[in-house]
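Engineer:
Numbering (this note's numbering), first residue to last: 1 to 353.
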């Protein structure tokens, strides 16, 4: 059975518990009907559509969404790349309210939400099989430390990496779901530092970072994301994360940051479009301009003659007119403006180039 646009007319907004959306539609009539045999699907919160597996051609890509209200255009972008196949929403808390929302945005075979909130479920072969059979996976908001603690080193991790690397199905995530998609990531296990906390002490207990031990999306190798960027004043902490990556691992990590109501959609060749109503930022450190001081209990110093990081700012739009190559940020980006960012004694500064 296939969804069509008429279905979207029967939806009303409802709050999504436990996630980072402000609201999404839920069906009024008819209600979503659990498919036959659904009770035999571990972790499933519900499925709308056809339980029969389909195998259309997919064309890959990844969506980095900044939280808050979701971006319809980004979901349509993913659906087009899914070939209209089976969609799986992954989460560790919350409801199945994404099911009718996604189904109402395009033609797909099914949408199912899996609540994977234990390592036992994350190591279930049936759960892993459902993920592997998907043509599109979206990771909801919540708490990324749960995703790390429940899913890292499990069959769910293997299934997601299979989709990204072998099957090349489109993946996406919002807020916490976006945070774990880069090969380097902030885990949030000890809470979330403010920009001031991270800049005045990059080794504060709340600054918990990992790399190359979880998800490995090829086009996001060496990328460290951040979300709710302007809404929660996070540029400073993001710069501190990048400084730590350099200091601790010798990793010249690129930053991709997304504000609320905004999404960065990256094609397999690295071409990124920015959809939505706020902004996205692409942070590019240079090997010749490393941080001057990254030390425990001391304010970050990343001055480099006020040219520490080259940053490209892009405003989102309905059509995704701003374009950037995440694999080669310097190669003629379009629709945005260049800035210099630097940190002097724990204070972030920004200026137009």
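Where is the CB? At the ideal position from N, CA and C, for every residue including glycine.
(1) My understanding is that residue 206 touches residue 197, with C-beta atoms under 8 Å, so please give their C-beta distance in whole angstroms.
(2) Which value, in whole angstroms, describes the spacing of the CA atoms of residue 126 and residue 93?
(3) Along the alpha helix (DSSP H) that carries residue 285, what are the first and last residues, could you check?
(4) Is residue 322 near residue 265, with beta carbons less than 8 Å apart?
(5) Count the other CB atoms within 10 Å of the CB of residue 346; is the residue buried (16 or more) or exposed (fewer)?
(6) Does the region 182-190 come into contact with the region 160-174, if we say contact requires no fewer than three beta-carbon pairs (one atom in each stretch) closer than 8 Å?
(7) Using the Cα positions of residue 66 and residue 51, report the straight-line distance between them to the nearest angstrom.
(8) Starting from residue 203, follow the alpha helix (DSSP H) in both directions and report where the run begins and ends.
(9) For residue 180, does the three-state DSSP call read helix, strand or coil?
(10) Output the boundary residues of the alpha helix (DSSP H) element that contains residue 82.
(11) Between which two residues does the alpha helix (DSSP H) harbouring residue 249 extend?
(12) Please confirm whether residue 326 and residue 223 have their CB atoms less than 8 Å apart.
(13) Give me the Cα-Cα distance between residue 284 and residue 80, rounded to the nearest whole angstrom.
(14) Expressed to the nearest angstrom, what Euclidean distance is found between the alpha-carbon atoms of residue 118 and residue 145?
(15) Does residue 354 come out as helix, strand or coil in the three-state DSSP assignment?
(16) Report buried or exposed for residue 254, applying the criterion of at least 16 other Cβ atoms within 10 angstroms of its Cβ.
(17) Go ahead and pull the three-state DSSP assignment for residue 210.
Structural biologist: Let's see:
(1) 6 Å
(2) 19 Å
(3) Premise fails: residue 285 lies in the beta strand (DSSP E), 279-285, not in any alpha helix (DSSP H).
(4) no
(5) buried
(6) no
(7) 31 Å
(8) Looking at the DSSP string, residue 203 is not in any alpha helix (DSSP H), and its letter there is neither H nor E.
(9) coil
(10) Per DSSP, residue 82 is one residue of the alpha helix (DSSP H) stretching across 72-82.
(11) 235-249
(12) yes
(13) Distance between the alpha carbons of residue 284 and residue 80 is about 30 Å.
(14) 12 Å
(15) Shown here, the chain extends from 1 to 353; a query on residue 354 therefore has no answer.
(16) buried
(17) strand
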